[in-house]
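Trainee: Below are the C-alpha cells for one structure; questions will follow.
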Amino acid sequence: MGSKQPVSVLVVIHSRDGRALLMERADKPGYWQSVTGSREGSEDLIDTACREVAEETGLDASRFELSDWHLVNRYEIYPHWRHRYPEGVTHNDEHVFGLLLPSPCEVALAPREHLGYRWLPWDEAAELAFSPSNAEALRMLPKRLGLTT
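The opening residue of the sequence shown carries number 459 in my numbering; numbering runs sequentially from there.
This is the structure we're talking about:
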C-alpha cells in the first residue's frame, strides 16, 4: 500500500473567455483532466495547488490569478488507484481552485504524468473530463467568469 494522503487539489486552469486546459493521463490514456494532486506533508492547500500546477504544466501560478473556490468534493477513490493510499483508505477530499490566465498558452507537460493537452471551450472540456467532480467544476466557469451561456 502507498502513503498518498487522501486530501487533494483540483486546479481548473482557464482563460477569461472560458477556455480550459485539459491533459490526458499517461497511466490511463483517454482519461482527460485538469491539474490534480495530493497534499504533501502539512503544506497549505494553496501551496499544493501551486506545486501541482508547476509540476504538471511548468506554469508559475504566482504569475496569474489563483483562487480558492471554497468547494470540497468528497468522492470514492477509483479501485485501480487505491494502492497508492494507506490500507483501508477509500475516499478522498478534493479542494477546488481556479487559475485564470489571460489567454491559452503552451504548457510543458510532465511526460510521466500526461501524454498531451488541449485548450477547449468549458462545455467541451466538461464533456471530455473523466472525473465527475472535474466536469462539474468546469461547468461552473461561465458563472464564475460572468459569461452568458
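Here a beta-carbon is modelled for each residue, glycine too, at the ideal position from N, C-alpha and C.
Can you give the Cα-Cα distance for R570 and C563, rounded to whole angstroms?
Mentor: About 21 Å.
Trainee: Can you tell me where the alpha helix (DSSP H) holding I535 begins and where it ends?
Mentor: Premise fails: I535 is in no alpha helix (DSSP H) and is neither H nor E.
Trainee: In whole angstroms, what is the alpha-carbon distance linking G574 and L567?
Mentor: Going from the Cα of G574 to the Cα of L567 covers about 7 Å.
Trainee: From this set, E498, V554, W577, R576, which residue's C-alpha is nearest M598's C-alpha?
Mentor: Taking only the C-alpha atoms, the option nearest M598 is V554.
Trainee: Which residue comes first and which comes last in the beta strand (DSSP E) that contains A478?
Mentor: Element bounds for A478: 477 to 483.
Trainee: Please report the distance separating the alpha-carbon of L479 from that of D581.
Mentor: If you take the alpha carbons of L479 and D581, they lie about 12 Å apart.
Trainee: Are the CB atoms of D551 and A530 within a distance shorter than 8 Å?
Mentor: According to the sequence as given, residue 530 is Val; it is not Ala. It is a contact, given that the beta carbons lie within the stated cut-off.
Trainee: Assign E545 to one of two classes, buried (16 or more other C-beta atoms within 10 Å of its C-beta) or exposed (fewer than that).
Mentor: Counting Cβ neighbours within 10 Å, E545 comes out exposed, since fewer than 16 surround it.
Trainee: Look up V469 in the DSSP assignment and give the residues it is bridged to.
Mentor: Answer is V493, F555.
Trainee: Under 8 Å by Cβ, that's how I've got H572 and R483 pegged, so tell me the actual separation to the nearest angstrom.
Mentor: Rounded, the Cβ-Cβ distance is 6 Å, consistent with contact.
Trainee: Thinking C-alpha only, which one of D526, H528, Y543, H549 is nearest E534?
Mentor: Nearest C-alpha to E534: H549.
Trainee: Whose CA, out of V467, T515, E513, A593, lies closest to the CA of S525?
Mentor: Nearest option by C-alpha distance: V467.
Trainee: Taking the alpha carbon of T494 as the point to measure from, which residue in R474, E501, T515 has its own alpha carbon closest?
Mentor: When only C-alpha atoms are compared, the closest one is T515.
Trainee: Based on DSSP bridge pairs, tell me the residues matched to S500.
Mentor: Answer is none; S500 lacks a bridge partner.
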